[in-house]
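Asks: One structure, as structure tokens, below. Some questions next.
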Amino acid sequence: MLTSTPRRFGLLAAAAAVALALGACAPTAPAPADDSSITVALPGSLANLYVGQENGILNYYIASIAQEGLVTLDANGEIQPALAESWEQVDDVTYVYTLREDATFQDGTPVTVDDVIFSIEKAQDPELSPGFSYYLGGIASMEETAERELTITLSAPDATFATLMSTTGALYVTSRAYWEANEGTIGTGEGLLLGTTPYRVTEFVPDSHVAFERVDTWWGGVPEIEEVRVDFIPDENTRLLAAQSGQIDVAFNVPFQQADQWAAIDGSEVQFLNDLSYVGLLFDLEVAPFDDVKVREAIAHAMDRSAVVESVLDGHGEVALAIPTPESLLTAYGDEASSRLEALPQRDFDLDAAAAALAESSVPEGFTAELTYPATGPELGRAALALSANLAEIGITIDVREVTIEEWLATIGDGEHGLGYMWYFSTTGDPGEVISYLYGPENPSRYTNEEVQALLADSFVESDPVVRADLILQAEELAQADLASYPLWWGQSATAFLGGWTIDTQTPFVYTNPWPALLTRSE
Amino acid sequence: MSSAPRRALLAGWASSFWGMLTLRLLGVVAIVLVLSVLIFGMMHLIPGDLVRNLLGLRPANPETIAAIREQYRLDDPFWVQYATWFGNALQGDFGTSIRYQVPVADAIAQRIPLTATLAVLAMIIAAVTAIPLGVVAARFHQRPVDRAVTGVSVLGLSAPAFVVSLLLLYVFAYYLPIFPVYGGGSGDPLSQLYYLVLPSTALAVGLGAILMRLTRAAMIEALASDYITFARSRGLSETRVLLLALRNSAIPIVTAAGLVFTYVIGGTILVEAAFALPGLGLMLQDAVLFKDIALVQALVLVVAVVIALLTVAVDLTYAVLDPRVRSRRRAS
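As you go down the protein sequences, you meet chains A and B in turn. Just so you know, we're using our numbering here: the first sequence kicks off at 865 and counts up by one. Just so you know, we're using our numbering here: the second sequence kicks off at 45 and counts up by one.
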């Protein structure tokens, strides 16, 4: 006997209905009994704990439980002491750090200047730390100039350097002795990690979990939570069920469409934070017909950004008025950051203007192109479909295709896709990070505007934050006319806290600190 | 010796038990060799770029990219890369996983116990439920019992493993909190078994459905044959009649069981994802996406060897199950 397709769908629907019905009448979840341990759920596995080797945003959050930098960014994005009790920028290229006297590794050995220099050298090595080496190439020398004093000299001024010495940037301090004893296995289940925070990694099994145990060697004291366990649960339904069964205390990257179900769990809180991510359309200026600015204008005018933020993101995001996020400009402009961005000229959603631009272009009859998006970003897919529907009205056919994140990465700047997505998570929150990647030398759009590049180059050696931000926004405004990129939205991420736990923050920088020590629990 | 007797001698050896076994094992080696070239080639053809996977969307200077390409020898021609891999593999070195940064052999060895237990447990659950049900369905052919069993098997065949997993989770982990929601348990075997009950049941559903239908078909045919009519006329009990028919249906059932085992391997990917189990299925999926060639190569070869050895084992059981096969061999 063969079953017909409609019937099979019927069975599937029935199974799903049963599952939902059972979920609806299930008993309320028991609250976790003790305050001494927490379980954190991640949507995917880490393959390696060392951030220099594997550098997804969640790698930073997990490694920061165990390791620190010389400095750190607090919940407001301000630089604060970490392993260095103080630091000083002597001139444009010289930074002097003084280590804490009580800085100790989790194995009880003291942190020396030599350990810090060693950690930076490892981060500079492109084979050991492909994710960090680019940032630390500008260091000319590192020297122990006095007891506990490290002097770093750069080959040229770099406004972002101060941040780079934090775990938000590119420095995860480890011990030379430990690294050499575990040469070649650092970050794996065998070699693990050694750092200076109150939580030492005790076990790491890829696709399963990472376990941390409290130690009493931290300069900041002994936190309340004794054990932290991070579980990798790839299936979003399983993750939700585990939370409903009371087995999870913190969950990162909760899918937006599930946010209500997470929020409905007793004692839970879903926190939406601007995650410093940027989503925009990316054009390759050497692929026809996108080499024609009129074509790019037609596409920009056909994108209804406000509607996408409202309906696709459920309001959990903001229309991107520029590439730098408002958060990245806080240090420079304070409360005025948003109004500075609002002053930039914008292209409105206007299908008539889109049609007019297309009529003036090299392809007035329209054309067909492909737009791929990564499977990990379903909201990018829904926005692409909305754009495709609008463009169909003026004669442009866009084939929207979901691909794996690896395949999507490979399409960026491949010389075949003239239209694509850019989805960038900035960890440092530096205003120049994303824009220099998109408009600076060797950018994925193959866009060259000497004036823009000169402004960006100037911004990197400018140490005054306001002057620097001005330069970046000037570059942004100039480049907007050329439309090599079209900003769509600044994103948010949802983090769920259960069992009464919470963390007090307005920015994601808190997660590049030993954040389990900052969790508090309400009764 | 002239060539004709030598050929006869060879033919004689080839049809002996050890001869057959040797030939089959040589066949396995040949399949593995061909597969290793094929997979290596396909991994080069699928979209994606290893350097990008390592760097993500970070800016990188050309020196960094060159260093990474050099480190993993990405600029060597295809055949040079393959020859290097093959030479090392012959010496027992299957390379290092780029994604996990550990030797491939260690990465796989750590996960074999979990996936093997999962697969074997699923096979056992499927066999002990499906074969008796198939016998019952065949015995009551076209009666309500048969229709009910067949209906259930359609459900089992059509439901994707992830839907079954979710359903099992809701019922037996959440609504009736008997089993854990996710994970593989701590190291000790009893705890692992407890954690694997639901996943292996999810995997067994599709497997059992196929097995049940094949058992039923084989049994219907056997029960309609003359020797069964004769056995019944001799006044043998119904149980003995069924056992007789089952013994004669054993060959198609065992063959089918061997073949559907390949289904288990695909199923583990879905089930391991649903239950967050650190097994080979999840590892294979990630390795393919990441273009971790050494790891994919070794994983696929492990799977190929397991399947090939299983078919050899199935063939060998014919000799045990069917006296005719044995006596034919002895005669030659």
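C-beta atoms are modelled at their ideal positions from N, C-alpha and C, and glycine is treated no differently.
(1) Which stretch, first to last residue, makes up the alpha helix (DSSP H) that contains residue 1202/A?
(2) Apart from the five residues on each side of it in sequence, which residues of its chain come closer than 8 angstroms, Cβ to Cβ, to residue 367/B?
(3) Which residue from 959/A, 1187/A, 1274/A puts its Cα closest to that of residue 1355/A?
(4) Between which two residues does the beta strand (DSSP E) containing residue 1237/A stretch?
(5) Within the continuous alpha helix (DSSP H) that includes residue 924/A, where are the two ends?
(6) Taking only heavy atoms of the ligand MG into account, decide whether any of them is closer than 6 angstroms to the Cβ of residue 296/B.
(7) Spatial neighbours of residue 1369/A within its chain, please: CB distance less than 6 angstroms, with the 5 preceding and 5 following residues excluded, ordered by chain position.
(8) Residues of chain B with a CB under 7 angstroms from the CB of residue 1111/A: which are they?
(9) Please classify residue 1301/A as buried or exposed, where buried requires at least 16 neighbouring CB atoms within 10 angstroms.
(10) Here's a check: name, in chain order, each residue in its chain whose Cβ is nearer than 6 angstroms to the Cβ of residue 1173/A, leaving out the five neighbours to either side.
(11) Roughly how many angstroms separate the alpha carbons of residue 937/A and residue 1144/A, rounded to a whole number?
(12) Compare the C-beta of residue 152/B with all C-beta atoms of chain A and state if any pair is closer than 7 angstroms.
(13) Return no unless some Cβ of chain B is closer than 7 angstroms to the Cβ of residue 1325/A.
(14) State whether the segment 255-264 of chain B contacts the segment 210-227 of chain B, with contact taken as three or more CB pairs (one from each stretch) at a distance under 8 angstroms.
(15) Can you list the residues of chain B that residue 1288/A reaches, using a CB-CB cut of under 7 angstroms?
(16) Can you list, in chain order, the stretches of the alpha helix (DSSP H) that have 4 or more residues and sit fully within the segment 1151-1214 of chain A?
(17) Alpha carbon to alpha carbon, how far is residue 243/B from residue 1116/A? Give it in angstroms, no decimals.
(18) Considering only residues of the segment 946-992 of chain A, which uninterrupted beta strand (DSSP E) runs meet the minimum length of 3 residues and lie entirely inside it, listed in chain order?
(19) Kindly say whether residue 259/B, judged by its beta-carbon, lies nearer than 7 angstroms to any beta-carbon of chain A.
(20) Short of 9 angstroms Cβ to Cβ, which residues in the segment 96-120 of chain B face chain A?
(21) Can you give me the start and stop residues for the alpha helix (DSSP H) that residue 88/B sits inside?
(22) In chain order, what residues of the same chain lie with their CB nearer than 7 angstroms to the CB of residue 1154/A, ignoring the 5 residues before and after it?
(23) Under 7 angstroms, do residue 1002/A and residue 1022/A count as touching if we go by C-beta distance?
(24) For chain B, is any of its Cβ atoms less than 7 angstroms away from the one on residue 1071/A?
(25) Might you give, ordered along the chain, the residues of its own chain that have their beta carbon closer than 6 angstroms to the beta carbon of residue 325/B, omitting 5 neighbours on each side?
(26) By Cβ distance below 7 angstroms, which residues in the same chain neighbour residue 139/B in space, the five residues on each side in sequence not counted?
(27) Compare the beta carbon distance of residue 997/A and residue 990/A with 7 angstroms and say whether it is the shorter of the two.
(28) Count the other C-beta atoms from every protein chain shown that fall within 10 angstroms of the C-beta of residue 52/B, then say buried if there are 16 or more, exposed otherwise.
(29) Since residue 1386/A is in the beta strand (DSSP E), which residue starts that stretch and which ends it?
(30) Please list, in chain order, the residues of the segment 984-1003 of chain A that have any C-beta partner in chain B closer than 8 angstroms.
(31) Got a sec? Which residues, its chain only, sit under 7 angstroms from residue 1294/A by beta carbon, not counting five neighbours each side?
(32) Please list, in chain order, the chain A residues whose beta carbon lies closer than 8 angstroms to that of residue 144/B.
(33) Is DSSP giving residue 1015/A helix, strand or coil here?
(34) Residue 1096/A versus chain B: which residues are under 9 angstroms apart at the beta carbon?
(35) Just to make sure I have the definition right: I need the residues of chain B whose C-beta is within less than 8 angstroms of the C-beta of residue 931/A. Which are they?
(36) Where do the ends of the beta strand (DSSP E) carrying residue 1381/A lie?
Replies: The structure says:
(1) 1201-1206
(2) none
(3) 1187/A
(4) 1232-1238
(5) 921-930
(6) Absence of the ligand MG is noted for the structure shown, with no ligands found whatsoever.
(7) Excluding residues within five positions, the ones whose Cβ falls inside 6 angstroms are 939.
(8) 225
(9) buried
(10) Closer than 6 angstroms at Cβ, skipping near neighbours: 1181, 1183, 1353.
(11) 27 angstroms
(12) Closer than 7 angstroms: no.
(13) no
(14) no
(15) 101
(16) 1157-1165, 1194-1197, 1201-1206
(17) 25 angstroms
(18) 948-955, 958-963
(19) Chain A, which has no Cβ nearer than 7 angstroms to the Cβ of residue 259/B, makes this no.
(20) 96, 97, 98, 99, 100, 101, 102, 103, 104, 105, 106, 107, 108, 109, 110, 111, 112, 114, 115
(21) 61-89
(22) 1147, 1148, 1160, 1282, 1283
(23) yes
(24) Chain B, which has a Cβ nearer than 7 angstroms to the Cβ of residue 1071/A, makes this yes.
(25) 312, 313, 316
(26) 129, 132, 148, 338
(27) yes
(28) exposed
(29) Taken as a continuous stretch (DSSP letters only), residue 1386/A belongs to no beta strand (DSSP E), as it is neither H nor E.
(30) 990, 991, 994, 995, 997, 998, 1001
(31) 1024, 1027, 1192
(32) In chain order: 911, 912, 1052, 1070.
(33) strand
(34) Simply 320, 322.
(35) In chain order: nothing, as chain B lies at least about 17 angstroms away.
(36) No beta strand (DSSP E) contains residue 1381/A, which DSSP labels as neither H nor E.
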